[in-house]
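Participant: In terms of the working numbering, the sequence shown has 206 at position 197, counting the first letter as 1, and numbering is strictly consecutive.
Here a beta-carbon is modelled for each residue, glycine too, at the ideal position from N, C-alpha and C.
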Amino acid sequence: MTTEPTAVIHDIGYRHYDGVRLGRGRATLALGVQSLRGVFGLGRTARAKIMPLLLVAIMLMPTVVSIGVMALAKEYVMPYPGYAIFMQAVIAVFLAAQSPYLVAPDLRFRVLPLYLSRPLTVTDYVLAKLSALAIAVFGLLAVPLTIQFVGELLVDLPGPPHTGDYLGALGGAVLFALLLSTVSIALASFTPRRGLGVAVVIAFYMFTAAVSGIFAGAMASMGRDDLVGWALLLNPFFLVDYVQSALFGTEPVNPGSPPPGIASVLILLAVAAVAATGVLLRYRKAAS
10 MTTEPTAVIH
20 DIGYRHYDGV
30 RLGRGRATLA
40 LGVQSLRGVF
50 GLGRTARAKI
60 MPLLLVAIML
70 MPTVVSIGVM
80 ALAKEYVMPY
90 PGYAIFMQAV
100 IAVFLAAQSP
110 YLVAPDLRFR
120 VLPLYLSRPL
130 TVTDYVLAKL
140 SALAIAVFGL
150 LAVPLTIQFV
160 GELLVDLPGP
170 PHTGDYLGAL
180 GGAVLFALLL
190 STVSIALASF
200 TPRRGLGVAV
210 VIAFYMFTAA
220 VSGIFAGAMA
230 SMGRDDLVGW
240 ALLLNPFFLV
250 DYVQSALFGT
260 EPVNPGSPPP
270 GIASVLILLA
280 VAAVAATGVL
290 LRYRKAAS
């Protein structure tokens, strides 16, 4: 009786990698690019593309309407600096949907030590994730603003184009991207469950919007108009709006009795620093 061999072991051996080692910078860049693609659903399933692309389309709708109105009425209808405030609900949903995607899976499946085995550090990892979301938020704001500005130039409204407002709004888009991304990543990183992260982020923006509105209304009803602007600082969107006005000379959405520009800038820096520190501490703990 003969027996047929059921398996064959091939001794293929292992070879050391002798190519160029690109180091931490390229590894961080690769992680950031991959994360940015994932924010918009690129390289993921068709289902993952629906939400980001739908929100991008919604962000573009006011721009299309504004260009149409400018063409028909020959009037400047939507100031560039107030675009982010007008669309803050859409931006908040985008942040709530995408920031947990960037951080929750790595925490839940405990793969962070694999990233940090070499050559990435915790700081590199956090920088890549924050940069990916910040670039996405900046694009979410800058693209419709730029399309509206090009539309204004093509329509040729009476008087000079609003170039200063447009450039100021782009500067504000950078501030929105940096602050909102840092805060959202910080909130989402404290839970490994993606669904819970979505709820935490959207609840934060809803809560701050409601509380700032209530306090501002209460101050106005008591005749303390000088405190209305301070109450609005509780909302990150209005905080950036006031900083944008202080740094770039744009008109704030709520121009009545705004807080001093230096105070708004310091508060924004403090909030961003606290959020960034929280993210770093969270990932140092997760990596240990």
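Using CA coordinates, which residue listed in 263, 207, 137 is at the minimum distance from residue 102?
Facilitator: Position 93 of the sequence shown, counted from the first residue, corresponds to residue 102. The shortest Cα separation from residue 102 among 263, 207, 137 belongs to 207.
Participant: Can you tell me where the alpha helix (DSSP H) with residue 89 in it begins and where it stops?
Facilitator: The residue you call residue 89 lines up with position 80 of the sequence shown. Premise fails: residue 89 is in no alpha helix (DSSP H) and is neither H nor E.
Participant: Cutting at 8 Å between CB atoms, please list the residues of its own chain near residue 151, excluding the five before and the five after it.
Facilitator: What you label residue 151 is simply residue 142 of the sequence shown in a count that begins at 1. For residue 151, where only same-chain residues beyond five positions count, the Cβ hits under 8 Å are 179, 182.
Participant: Would DSSP call residue 294 helix, strand or coil?
Facilitator: Along the sequence shown, one-based indexing puts residue 294 at 285. Helix, per DSSP.
Participant: Just mark residue 83 as buried or exposed, buried being the case when its beta carbon has 16 or more other beta carbons within 10 Å.
Facilitator: For the purposes of this step, residue 83 is identified with residue 74 of the sequence shown, where counting begins at 1. So residue 83 ends up on the exposed side.
Participant: How long is the line joining the alpha carbons of residue 42 and residue 111, rounded to whole angstroms?
Facilitator: To locate residue 42, count along the sequence shown from 1; it is residue 33. To locate residue 111, count along the sequence shown from 1; it is residue 102. Answer to the nearest angstrom: the Cα atoms are 12 Å apart.
Participant: Answer yes or no: do residue 40 and residue 137 have a C-beta to C-beta separation smaller than 8 Å?
Facilitator: The residue labelled residue 40 in the question sits at position 31 within the sequence shown. The residue labelled residue 137 in the question sits at position 128 within the sequence shown. Contact: yes.
Participant: For residue 167, which residues in the same chain have their Cβ closer than 7 Å to its Cβ, ignoring the five residues on either side in sequence?
Facilitator: To locate residue 167, count along the sequence shown from 1; it is residue 158. Cβ neighbours of residue 167 beyond the five flanking positions: 83.
Participant: For residue 194, does the count of other Cβ atoms within 10 angstroms reach 16, so buried, or fall short, so exposed?
Facilitator: Sequence index remark: in the sequence shown, residue 194 carries index 185 (1-based). Label assigned to residue 194: buried.
Participant: Grab me the residues of residue 229's own chain with a C-beta within less than 6 Å of its C-beta, minus the 5 sequence neighbours each way, in chain order.
Facilitator: Your numbering for residue 229 matches position 220 in the sequence shown. Only 237 meet the Cβ criterion.
Participant: With hydrogens ignored, establish whether the beta-carbon of residue 139 is closer than 7 Å to any heavy atom of the ligand NAD.
Facilitator: This structure lacks the ligand NAD, and indeed carries no ligand of any kind.
Participant: Going by DSSP in three states, residue 266 sits in which element: helix, strand or coil?
Facilitator: Position 257 of the sequence shown, counted from the start, is the residue given in the question as residue 266. Coil, per DSSP.
Participant: Along the chain, where does the alpha helix (DSSP H) containing residue 228 start, and where does it finish?
Facilitator: For the purposes of this step, residue 228 is taken as the residue at position 219 of the sequence shown. Run containing residue 228: 203-230, per the alpha helix (DSSP H) assignment.
Participant: Just list the alpha helix (DSSP H) runs in the region 21-62, keeping only unbroken ones of 4 residues or longer that don't cross its boundaries, in chain order.
Facilitator: Here the runs fully enclosed are 32-48.
Participant: Grab me the residues of residue 175's own chain with a C-beta within less than 6 Å of its C-beta, minus the 5 sequence neighbours each way, in chain order.
Facilitator: On the sequence shown, position 166 is the one that residue 175 refers to. Here the set comprises 89, 158.
Participant: Among 29, 30, 99, which one has its Cα closest to the Cα of residue 62?
Facilitator: For the purposes of this step, residue 62 is taken as residue 53 along the sequence shown, with counting starting at 1. Comparing Cα positions, the closest option is 99.
Participant: For the alpha helix (DSSP H) holding residue 115, just list the boundary residues, first then last.
Facilitator: Reading the sequence shown from its first residue, position 106 is the one you call residue 115. It spans 97-117 - the alpha helix (DSSP H) in which residue 115 sits, taken as one unbroken run.
Participant: Have a look at 69, 95, 226, 249 and flag the residue whose alpha-carbon is nearest the alpha-carbon of residue 280.
Facilitator: Residue mapping note: residue 280 aligns to position 271 of the sequence shown, counting from 1. Measuring from the Cα of residue 280, the nearest candidate turns out to be 249.
Participant: Within the same chain, show all residues whose beta-carbon is closer than 6 Å to that of residue 140, passing over the 5 residues directly before and after it, in chain order.
Facilitator: Counting from 1 along the sequence shown, the entry for residue 140 is found at position 131. The answer, listed in chain order, is 41.
Participant: Which of the three DSSP states is assigned to residue 77 in this structure?
Facilitator: Your numbering for residue 77 matches position 68 in the sequence shown. It is helical.
Participant: State buried or exposed for residue 72, treating a residue as buried only when at least 16 other CB atoms are found within 10 Å of its CB.
Facilitator: Counting from 1 along the sequence shown, the entry for residue 72 is found at position 63. Per the 10 Å Cβ criterion, buried.
Participant: Work out the CA separation of residue 214 and residue 264 for me, nearest whole Å.
Facilitator: As a position in the sequence shown, residue 264 is number 255, starting the count at 1. As a position in the sequence shown, residue 214 is number 205, starting the count at 1. Those two C-alpha atoms are separated by around 22 Å.
Participant: Please say whether residue 289 and residue 131 have beta carbons closer to each other than 8 Å?
Facilitator: In the sequence shown, residue 131 corresponds to position 122, counting from 1. In the sequence shown, residue 289 corresponds to position 280, counting from 1. Taking 8 Å as the Cβ cut-off, residue 131 and residue 289 qualify as a contacting pair.
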